[in-house]
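S.K.: I have a structure I would like to understand better, so I am pasting it below and will then ask my questions one at a time.
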Amino acid sequence: MNCKDLSATLLKNISRLLIEADDYNVFITVGEEPNVEIFQAHSVILRAMSPYFHAALSINWAQKAGHKFHFKKPNINPNIFKIILQYIYTGTIRLDDETSDLNLVELLTASDELVLMDLVDYIQEYIISLDRIWYQKNLIQVFNTVSCYEGVFEKLRDHCIELISVDPQLLFNSEEFSILQEEALILILKQNKLQIREVELWNYLIQWGIFQSHLFEDKTTKDLINWSSEDFETLEKILHNSVPFIRFFQMLPEEYFYKVRPYKKLLPKQLKDDLKLYFIIPNSNLTTTILPPRIPKFMLNSSIITLKQSLIISSWIDYKDDSSMYTSQQENPYNLILLLRGNRDGFGVEEFREKVFKQGPTIVVIHLAGSKDIIGGYNPLDWTGSNKFNQSTDSFIFSFRSEKKSSITTLSRVAKEKSAISDDDGHFIGFGHGDLKIFQSVCQKKDYMCPIHDLHSFQMSNYEVFKVVKKEIN
Numbered sequence: 055m056n057c058k059d060l061s062a063t064l065l066k067n068i069s070r071l072l073i074e075a076d077d078y079n080v081f082i083t084v085g086e087e088p089n090v091e092i093f094q095a096h097s098v099i100l101r102a103m104s105p106y107f108h109a110a111l112s113i114n115w116a117q118k119a120g121h122k123f124h125f126k127k128p129n130i131n132p133n134i135f136k137i138i139l140q141y142i143y144t145g146t147i148r149l150d151d152e153t154s155d156l157n158l159v160e161l162l163t164a165s166d167e168l169v170l171m172d173l174v175d176y177i178q179e180y181i182i183s184l185d186r187i188w189y190q191k192n193l194i195q196v197f198n199t200v201s202c203y204e205g206v207f208e209k210l211r212d213h214c215i216e217l218i219s220v221d222p223q224l225l226f227n228s229e230e231f232s233i234l235q236e237e238a239l240i241l242i243l244k245q246n247k248l249q250i251r252e253v254e255l256w257n258y259l260i261q262w263g264i265f266q267s268h269l270f271e272d273k274t275t276k277d278l279i280n281w282s283s284e285d286f287e288t289l290e291k292i293l294h295n296s297v298p299f300i301r302f303f304q305m306l307p308e309e310y311f312y313k314v315r316p317y318k319k320l321l322p323k324q325l326k327d328d329l330k331l332y333f334i335i336p337n338s339n340l341t342t343t344i345l346p347p348r349i350p351k352f353m354l355n356s357s358i359i360t361l362k363q364s365l366i367i368s369s370w371i372d373y374k375d376d377s378s379m380y381t382s383q384q385e386n387p388y389n390l391i392l393l394l395r396g397n398r399d400g401f402g403v404e405e406f407r408e409k410v411f412k413q414g415p416t417i418v419v420i421h422l423a424g425s426k427d428i429i430g431g432y433n434p435l436d437w438t439g440s441n442k443f444n445q446s447t448d449s450f451i452f453s454f455r456s457e458k459k460s461s462i463t464t465l466s467r468v469a470k471e472k473s474a475i476s477d478d479d480g481h482f483i484g485f486g487h488g489d490l491k492i493f494q495s496v497c498q499k500k501d502y503m504c505p506i507h508d509l510h511s512f513q514m515s516n517y518e519v520f521k522v523v524k525k526e527i528n
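Following this line, the structure appears as structure tokens:
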């Protein structure tokens, strides 16, 4: 028995009915004024392809004049419906660079409303495949949608959560952060793998709360002294559902004192009392349930530099220019592993020898006392205490400086390669003959291209040393 598959011809003939038929019996008015369009279709095709239309075009639902159905869909954009109708008739859809202006979220939600589940799955997979640049522009809209449709767009929701967990700045630094919906915000606050310090999360929460009230348009977090009781009451109401998901007990005492305590009016009384007791007597019995620390895949463990600053340093290691800097931890090919922290391990040379020597490439960052300025350097070689200068073409020193409302970033690469690294066993450890001597506290231009600070000597309030580890490629 011979059998030949002619389904392609059948599908081609059916698809022609979308534009060439003379027996349309469904007229669908789509959109709202002034953007309204009437589409013609066949009830048998709509009902066969869409469970929604199978029910909607029943006798009990749709309006029928003679033998024709008249139907309205004001909540769908005509451009979106046109694509969906073409899919219903042809079984195909085109999503590529040429359709980049298409609102994919609207297409996704409309497909779900019409119960076109194969199309829903395909659109989710397509959105998941898009790059970071697309998400920089569209993440808020996508995440607001998938957070509100609980149990519907789970693939896409999980992908967004993973993106944000690895790179929180993608969400919090978005230009549309102010329109993030509360459900979406709380969903993120619940995540255990967020790669962000809790105090930073708190700062973003305050920022989001201020965005939600027009009462705060002329006020900032820097002028709390001018806030009224009504201002705090308004903000407390806005943040009431979100505050419980901040893990205050995982903050450092100084973070709580300077960043949370000024907003204590936003916290429930019991939480305030327990926090005060916890930071004075850490092992006290508390009434408040202490949320566990977040456990991210990797989080920058620094009390001096931010994730953004670490990405800048990693970019300098790879000689990136301003147009190609790493912008997320996903892009960053390096992990920075904390080896030494001054106010935890000690500020002496002995601690440096014990914890930093023979660890491979390292980054030193120093927080200058009495300011927010940071200076530091990158050594691509081992510190070994050889009491000689080591040659390097890749070492550099740098600074991140704050001046009033602006920030100044300085990169100084090595000029005299033979004296790039002062691999001393004592107080002369550093970069060059004096470009940055860690324990002598000097930073005067000698062997590097430019000075990193106006000061020739400095006093450190804290310093950290990180081991630079190349990520393994999966």
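Position 460 of the sequence shown, counting from 1, maps to 514 under the numbering used here, and the rest follow consecutively.
A virtual CB, placed ideally from N, CA and C, is assigned to each residue, including glycine.
With 16 as the cutoff for other CB atoms within 10 Å, does R395 come out buried or exposed?
M.R.: buried
S.K.: Assuming the contact rule is C-beta atoms closer than 8 Å, K412 and R348 should be a hit. Round their C-beta distance to whole Å, please.
M.R.: Their Cβ separation, rounded to whole angstroms, is 32 Å, which puts K412 and R348 out of contact at 8 Å.
S.K.: Beta-carbon separation of S466 and H487 under 8 Å?
M.R.: no
S.K.: To the nearest whole angstrom, what separates the beta carbons of Y180 and L217, a pair I think is in contact under 8 Å?
M.R.: Taking a contact as a CB-CB distance under 8 Å, the pair Y180 and L217 does not count as one, their CB atoms being some 15 Å apart.
S.K.: If you follow the beta strand (DSSP E) that N397 is in, where does it begin and where does it stop?
M.R.: It is not in any beta strand (DSSP E) - N397 instead sits in the alpha helix (DSSP H) that spans G396 to D399.
S.K.: According to the neighbour-count rule (16 or more other Cβ atoms, all chains shown, within 10 Å of its Cβ), is R70 buried or exposed?
M.R.: exposed
S.K.: Give the range of the alpha helix (DSSP H) segment to which H108 is assigned.
M.R.: Unbroken alpha helix (DSSP H) run through H108: P105 to A110.
S.K.: Roughly how many angstroms separate the alpha carbons of N133 and E254, rounded to a whole number?
M.R.: If you take the alpha carbons of N133 and E254, they lie about 41 Å apart.
S.K.: Measuring alpha carbon to alpha carbon, tell me which of I475, G424, V419 and L422 ends up nearest N433.
M.R.: Scanning I475, G424, V419 and L422 for the CA closest to the CA of N433 turns up I475.
S.K.: Looking at the secondary structure, which residues open and close the alpha helix (DSSP H) in which M561 lies?
M.R.: The first residue shown for the chain is 55 and the last is 528, placing residue 561 beyond what the model contains.
S.K.: So, helix, strand or coil for G431, using DSSP?
M.R.: strand
S.K.: What do you reckon, are the CB atoms on M379 and I366 nearer than 8 Å?
M.R.: yes
S.K.: Please report the straight-line C-alpha distance between S456 and G430, rounded to a whole angstrom.
M.R.: 15 Å
S.K.: Tell me, please, which residues DSSP counts as bridged to N56.
M.R.: Partner(s): none; N56 has no beta bridge.
S.K.: Would you call N89 buried or exposed, if buried means 16 or more other Cβ atoms sit within 10 Å of its Cβ?
M.R.: exposed
S.K.: Please identify the residue among N257, D327, W281 and S282 whose C-alpha is closest to the C-alpha of L293.
M.R.: The candidate whose alpha carbon is nearest that of L293 is N257.
S.K.: Curious, which full-length beta strand (DSSP E) runs of at least 3 residues does the stretch 451-514 contain?
M.R.: 460-467 and 475-477
S.K.: How is the alpha helix (DSSP H) around I292 delimited, first residue to last?
M.R.: S283 to L293
S.K.: Tell me, please, which residues DSSP counts as bridged to V98.
M.R.: According to DSSP, which records beta bridges pairwise, V98 is partnered with nothing at all.
S.K.: Which full runs of the alpha helix (DSSP H) of 4+ residues lie inside the stretch 337-416, going along the chain?
M.R.: Within the stretch 337-416, the complete alpha helix (DSSP H) runs of at least 4 residues are 361-371, 396-399 and 403-410.
S.K.: Below 8 Å on the Cβ atoms is my contact criterion, and I expect L210 with V200 to pass it. Report the Cβ-Cβ distance as a whole number of Å.
M.R.: 5 Å
S.K.: So, are the CB atoms of V522 and H510 less than 8 Å apart?
M.R.: In this structure, H510 does not lie closer than 8 Å to V522 by Cβ.
S.K.: If you reduce the DSSP assignment to three classes, tell me which class E229 lands in.
M.R.: coil
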